[in-house]
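If you read the sequence shown in this note's numbering, its first letter stands for residue 804, the second for the next number, and so on. Below: the structure, in structure tokens.
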Amino acid sequence: MKIVVLNGSPKGDVSVTRQYVLYLEKAFPQHQFVVLHVAQQSRKLERDAAAFDAVIREVRSADGVIWAFPLYILLVCSQYKRFIELITERGAQSAFSGKHAVTLSTSINYYDSNAHVYMRSVCEDLGMRFVGIHSANMHDLMKPEERRRLHLFAEDFFTSIERGLEFPRLSAVLPSALPGEPPRPYRPVSPVRPADARGRKIVILTDARTDAGPDARPEARPGQESLQAMTARLVSAWGGDARVVNLHDIDIKGGCQGCLRCGAAYQCAYTGKDGFIDFYNSVLVPADIIVFAGAIVARQLSWKWKEFFDRSFFNTHTPSLVGKQFAFMVAGPLSQLPELRQTYEAWTELQQSNLVTFVSDETAPTVLDAALDQLAERLVRFAEAAYIRPRTFLGVAGMKIFRDDIWSSLKVVFRADHKAYKRLGFYDFPQRRVGRRTLMGLAWFITGLPGIKSKFRSMMRTQMIVPMHRAALAATPGGSSRR
């Protein structure tokens, strides 16, 4: 069989992901593997129609497709995202339709589930028969049991192709894929309710296109009119006291290359070569409130947004926008894409910042008018109070993965993270809490003694709430608590 591998790493042949594919090539010599470095060559594929068409011809003649990629900031890299968008922009979906597909990723298992849900949905939108996922830790290939797991995964893929197996769709069909009237763009219908910015530094970052270039075609760049109208409404609510920056106006030479040069001292390979880092440090870092405005393209924010988040990795795994108030204004079917919301909920929690809310143009104009006016007021109010909501599993679990991997196996590469984590107290391993461990050991022994064990069990329900009950009674009306 002919298997086309769409390599989603900017590093091409020298990527970790490529080594997993190479293993499959050696393990299954009876099959022909055609590896296409679509992420590494994304700019060429965008500029050169013939090069893009050559990729599509390979896909069209394939028996199966492997989408192989590393994780870059909770998802695929921006270059891979651009390739995915090009498929629809250039009407090449039919080349993928009916093909069996799998996804193969490499990472430290940090939000890999999120990336695979996204890629499965992309495959299903293209009409592919999605067989399954294999999410490998970076170093799994060196473990015999993990190689066996990868081997069985590939065998199942090839068997599915040979038998022509069908697989049910799991993702929702988005409105843009359904026949009928396209959604009307948002236009305000009610007067703006002013919100005093109170001197807060506010930045609205958008990727809205206003030019007449090919990317501005309605079918390629949906939601642009709504995005511009929502941005204008929010700026009006603050009486113009907000700075609007378009991602297309920032001097960005390219996406993250995965070179890890930043690991030692936050020094990016692009330092001095474009204006992104200066923009990030001079505009976003001093801001109190940051609003991200983007239209949904291929189930996520655009590749340009992904480029922004990927390039912010010059800060590696160290939070760089701590204490900010964030909001997202989205044009498109946000309510049907929980994985999109989860991506940015996780990102803001790991920044130790506060995500106030998402707003989208799905709702009626009167409701959206009110939502945007209220958002302007809430962002300022939360900024004044320095409010950061408690972290959920997304932030707590994500930081523990970073903490453990930086400490155990990545500190040599990410020296800057290691120093920052020590300084910021992120290395909060339970085994280091000697006092608590001693107390719990003593409690374990005492509560296991005959006579005490049964009494302890009967008291558990009431005793667990005693400290919290005292704190609740100490609350001051209109305030936080008594000191």
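Glycine is no exception: its CB is placed at the ideal position from the N, C-alpha and C atoms.
How about residue i and residue j: are their beta carbons less than 8 Å apart?
i                  : j               : result
proline 873        : serine 908      : yes
phenylalanine 1229 : arginine 1206   : yes
valine 1133        : glutamate 888   : no
alanine 1096       : isoleucine 1005 : no
serine 974         : serine 924      : yes
proline 986        : proline 978     : yes
phenylalanine 855  : arginine 885    : no
threonine 1169     : valine 992      : yes
glycine 1066       : valine 1216     : yes
alanine 1219       : tyrosine 1073   : no
aspartate 1044     : alanine 1000    : yes
leucine 878        : lysine 1109     : yes
glutamine 1154     : leucine 1124    : yes
asparagine 858     : valine 838      : Residue identity check: residue 858 is valine in the sequence provided, not asparagine. Their beta carbons are not under 8 Å apart, which means valine 858 does not touch valine 838 by this criterion.
serine 864         : histidine 903   : no
tryptophan 1041    : alanine 998     : yes
serine 1163        : leucine 1137    : yes
asparagine 1049    : alanine 1011    : yes
alanine 1189       : glycine 1126    : yes
By how many angstroms is the C-alpha of residue j removed from the C-alpha of residue i?
i                 : j                  : result
arginine 1273     : isoleucine 1093    : 38 Å
glutamate 1028    : phenylalanine 1112 : 24 Å
threonine 1160    : glycine 1135       : 16 Å
alanine 895       : arginine 860       : 10 Å
phenylalanine 899 : alanine 871        : 16 Å
phenylalanine 836 : valine 808         : 7 Å
arginine 1226     : valine 868         : 46 Å
methionine 922    : alanine 1275       : 46 Å
tyrosine 782      : aspartate 1208     : Only positions 804 to 1286 of the chain appear in this structure, which leaves residue 782 out of reach.
lysine 1256       : arginine 1181      : 50 Å
valine 1269       : methionine 1263    : 10 Å
aspartate 959     : proline 832        : 16 Å
arginine 846      : methionine 1243    : 58 Å
glycine 815       : arginine 1260      : 59 Å
threonine 1265    : glutamine 1234     : 28 Å
alanine 918       : glycine 1251       : 46 Å
valine 934        : tyrosine 1224      : 40 Å
alanine 1019      : valine 817         : Its pLDDT being 42, under 50, alanine 1019 is placed unreliably by the model, and nothing is read from it.
proline 1017      : leucine 848        : Confidence at proline 1017 is low in this model, with a pLDDT of 46, below 50, so its placement is unreliable and no value can be given for it.
alanine 830       : arginine 950       : 10 Å
isoleucine 936    : threonine 906      : 5 Å
leucine 953       : threonine 1151     : 33 Å
tyrosine 875      : glycine 811        : 10 Å
valine 1183       : leucine 1171       : 19 Å
alanine 1278      : methionine 1271    : 11 Å
arginine 1192     : glycine 1198       : 11 Å
aspartate 866     : asparagine 1157    : 46 Å
alanine 1023      : tyrosine 883       : Caution is warranted here: a pLDDT of 49 is assigned to alanine 1023, below 50, making its placement in the model unreliable, and the coordinate value is therefore given only provisionally. C-alpha separation (whole angstroms): 16 Å.
isoleucine 806    : methionine 1267    : 58 Å
phenylalanine 961 : glutamate 828      : 13 Å
valine 1237       : glutamine 1128     : 36 Å
arginine 1003     : arginine 1102      : 33 Å
For the alpha helix (DSSP H) that residue i lies in, which residues bound it at each end?
i              : result
proline 1270   : 1269 to 1276
glycine 1042   : Element bounds for glycine 1042: n/a, residue is neither H nor E.
lysine 1258    : 1255 to 1266
threonine 820  : 819 to 830
leucine 1252   : Counting along the chain, leucine 1252 falls outside any alpha helix (DSSP H), and DSSP gives it neither H nor E.
proline 991    : Per DSSP, proline 991 belongs to no alpha helix (DSSP H) and is neither H nor E.
cysteine 926   : 915 to 928
glutamate 1187 : 1168 to 1188
threonine 1151 : 1141 to 1153
isoleucine 964 : 947 to 966
Going by DSSP, name the residue or residues bridged to residue i.
i               : result
isoleucine 936  : Thr906
glycine 1097    : Val1133
tryptophan 870  : Leu809, Thr906
valine 1103     : The residue asked about is misnamed: residue 1103 is glutamine in this sequence, not valine. Bridge partners of glutamine 1103: Val1100.
valine 837      : Val807
isoleucine 1005 : Ile1092
asparagine 1049 : Thr1009
tyrosine 875    : Leu878
Would you say residue i lies against chain D (beta-carbon separation less than 8 Å)?
i                  : result
phenylalanine 1129 : Annotation note: the requested chain D is absent from the structure, which comprises a single protein chain.
Which first and last residues belong to the beta strand (DSSP E) in which residue i is found?
i            : result
valine 1133  : 1128 to 1134
leucine 1158 : 1157 to 1163
valine 1125  : Looking at the DSSP string, valine 1125 is not in any beta strand (DSSP E), and its letter there is neither H nor E.
Please confirm whether any heavy atom of the ligand NAP lies closer than 7 Å to the CB of residue i.
i            : result
alanine 1186 : The ligand NAP is absent from the structure shown, which contains no ligands of any kind.
Hey, is the stretch 822 to 836 in contact with the stretch 910 to 927, meaning 3+ C-beta pairs nearer than 8 Å? Not touching, per the Cβ criterion.
Given 8 Å as the limit, is there contact between the stretch 1070 to 1085 and the stretch 1108 to 1125, that is, 3 or more CB pairs closer than that? yes
For the stretch 1176 to 1191 against the stretch 1034 to 1045, are there 3 or more C-beta pairs whose distance is under 8 Å? yes
Determine, using beta-carbon pairs with one atom in the stretch 1046 to 1059 and one in the stretch 967 to 987, whether at least three such pairs fall under 8 Å. no
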